[in-house]
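In my numbering, the protein residues as written are 16 to 186.
Quick look at the structure:
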């Protein structure tokens with residue numbers, strides 16, 4: 016169990032790093048959006064590339080930040096029910112949810128989205144908008160985000176089992 020907990024801490028540190036990077040994307044998105052709005056109002060012009068980079072960064076925040084949100088327990092759950100359950104029952108529900116639902120969903124989405132990324136990469140797919148951006152970076156966000164979420168799910172499983180064995184406080 017100590018080796019698994021060390022692996023879990025390493026995964027958590029990596030998720031924390033990626034989550035903090037994703038937070039900077041929010042600032043970048045805000046600045047790009049404000050800059051584009053100012054240029055549009057003052058010079059009556061706009062850039063499709065700036066509009067697209069906004070939603071690329073927005074996608075990156077949500078996809079790359081999903082593992083971080085899971086680690087910080089900021090994901091959606093039914094707290095009014097789980098607060099009335101014992102810690103052991105809550106952790107067993109989390110374990111079952113990760114193994115039965117989250118893990119398979121992440122694997123399925125990685126499997127389905129990877130060919131979309133590869134196709135965009137190989138074909139050099141570009142936005143249809145004038146001055147638009149290449150599409151493969153945003154297509155990569157889906158499998159990358161799901162891989163990060165799956166990695167964090169493994170860490171959460173380790174912590175839940177460690178709690179059930181008495182080796183860790185309630186995660």
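The beta-carbon is built from N, C-alpha and C at its ideal position, and this holds for glycine as well.
If you're wondering where the values come from, they're calculated on a predicted model, not measured in any experiment.
Give me the Cβ distance between residue i and residue j, rounded to the nearest whole Å; I'm assuming they're in contact under 8 Å.
i           : j           : result
residue 105 : residue 179 : 11 Å between Cβ atoms; not a contact.
residue 74  : residue 137 : Not confirmed; about 21 Å, so no contact.
residue 33  : residue 83  : 6 Å
residue 63  : residue 147 : 5 Å
residue 132 : residue 107 : Going by Cβ atoms, the distance from residue 132 to residue 107 rounds to 36 Å, so no, they are not a contact pair.
residue 161 : residue 111 : Rounded, the Cβ-Cβ distance is 20 Å, inconsistent with contact.
residue 149 : residue 23  : With a Cβ gap of about 36 Å, residue 149 and residue 23 do not count as contacting.
residue 61  : residue 54  : 7 Å
Just to confirm, is the Cβ distance from residue i to residue j under 9 Å?
i           : j           : result
residue 85  : residue 177 : no
residue 113 : residue 175 : yes
residue 42  : residue 156 : no
residue 37  : residue 91  : no
residue 183 : residue 46  : no
Let me know if residue i comes out buried or exposed under the rule of 16 or more other beta-carbons within 10 Å of its beta-carbon.
i           : result
residue 115 : exposed
residue 117 : buried
residue 17  : exposed
Pick from the options: whose alpha carbon is nearest that of residue i?
i           : options               : result
residue 68  : 51, 30, 98 and 81     : 51
residue 164 : 30, 110 and 20        : 30
residue 144 : 59, 109, 65 and 120   : 65
residue 26  : 183, 171, 184 and 186 : 171
In terms of residues, what are the limits of the alpha helix (DSSP H) holding residue i?
i           : result
residue 24  : 17 to 58
residue 169 : 151 to 179
residue 109 : 102 to 112
residue 69  : 63 to 79
residue 135 : 118 to 138
Any heavy atom of the ligand MN closer than 8 Å to the beta-carbon of residue i?
i           : result
residue 166 : Of ligands this structure carries none, so the ligand MN is not represented either.
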